[in-house]
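*Asks:*
Numbering (the numbering used here), first residue to last: 11 to 130.
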């Protein structure tokens, strides 16, 4: 896998793929949406880490930079594939993309912690 195809995997999520324009405006919109969904998936993971979901309470001990940084790394790993599946059906970004990004982060973290607890 070449470096350009690797960076394309993380940057190209299919936003505005049907739009054609002259100039950098579509590229800038695309990159803005890529940044937004990466932040939202990371916030979803981080939000799950600082709550005791399904019990409604906060774990302030997990409110630190290292957990947020780990959330970013996990978000980079899981988001591109899922976002491509969503943009295949709706290439123009909207509320579905934002809610999906946050929800994916939150529930992927929740499901993984429940699976680990089940097998221990």
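Every residue gets a Cβ at the ideal spot worked out from N, C-alpha and C, and that includes glycine.
Would you mind sorting residue 103 into buried or exposed? The rule is 16 or more other CB atoms within 10 Å of its CB.
*Replies:* Indexing the chain shown from 1 puts residue 103 at position 93. With a 10 Å radius around the Cβ and a threshold of 16 neighbouring Cβ atoms, residue 103 comes out buried.
*Asks:* Measuring alpha carbon to alpha carbon, tell me which of 75, 40 and 44 ends up nearest residue 56.
*Replies:* Residue numbering aside, residue 56 sits at position 46 when the chain shown is read from its first letter. Per the C-alpha coordinates, the member of 75, 40 and 44 positioned closest to residue 56 is 75.
*Asks:* Can you name the residues that DSSP bridges to residue 97?
*Replies:* As a first step, residue 97 must be located in the chain shown, where it is residue number 87. Answer is none; residue 97 lacks a bridge partner.
*Asks:* Determine the closest residue to residue 89 out of 70, 36 and 116, with distance taken between C-alpha atoms.
*Replies:* Position 79 of the chain shown holds residue 89. Comparing Cα-Cα distances from residue 89 to each of 70, 36 and 116, the minimum goes to 116.
*Asks:* On a CA-only basis, which of 113, 111, 101 and 126 is nearest residue 28? Give me that one, please.
*Replies:* Position 18 of the chain shown, counted from the first residue, corresponds to residue 28. It is 101 whose Cα lies nearest to the Cα of residue 28.
*Asks:* Tell me the DSSP bridge mates of residue 108?
*Replies:* Position 98 of the chain shown, counted from the first residue, corresponds to residue 108. Bridge partners of residue 108: none, in fact.
*Asks:* May I have the straight-line CA-CA distance separating residue 121 from residue 92, to the nearest angstrom?
*Replies:* Working through the chain shown from its first residue, we reach residue 121 at position 111. Working through the chain shown from its first residue, we reach residue 92 at position 82. Each residue's alpha carbon lies about 16 Å from the other.
*Asks:* Is it right to say residue 23 is buried, meaning 16 or more other beta carbons lie within 10 angstroms of its own, or is it exposed?
*Replies:* Locating residue 23 in the chain shown gives position 13, counting from the first residue. By the neighbour-count rule (16 or more Cβ atoms within 10 Å), residue 23 is buried.
*Asks:* For residue 39 and residue 108, what's the separation of their Cα atoms in angstroms?
*Replies:* Here residue 39 corresponds to residue number 29 of the chain shown, with the count starting at 1. Here residue 108 corresponds to residue number 98 of the chain shown, with the count starting at 1. Going by the C-alpha atoms only, they are around 15 Å apart.
*Asks:* Would you mind reading off the limits of the alpha helix (DSSP H) that contains residue 27?
*Replies:* As a position in the chain shown, residue 27 is number 17, starting the count at 1. Here residue 27 belongs to no alpha helix (DSSP H), and DSSP marks it neither H nor E.
*Asks:* What's the gap between the Cα of residue 127 and the Cα of residue 31?
*Replies:* Position 117 of the chain shown, counting from 1, holds the residue named residue 127. Position 21 of the chain shown, counting from 1, holds the residue named residue 31. For residue 127 and residue 31, the distance between alpha carbons rounds to 50 Å.
*Asks:* Who are the Cβ neighbours of residue 114 in its own chain at under 8 Å, not counting the five residues just before and after it?
*Replies:* Translated into the one-based positions of the chain shown, residue 114 becomes position 104. Taken in chain order, the residues that qualify are 51, 54, 88, 89 and 92.
*Asks:* Please go through the same chain and pick out, in chain order, the residues whose beta-carbon is closer than 7 Å to the beta-carbon of residue 119, but skip the five residues on each side of it.
*Replies:* Translated into the one-based positions of the chain shown, residue 119 becomes position 109. If we look at residue 119 and ignore the five residues flanking it on each side, its Cβ neighbours are 55, 58 and 59.
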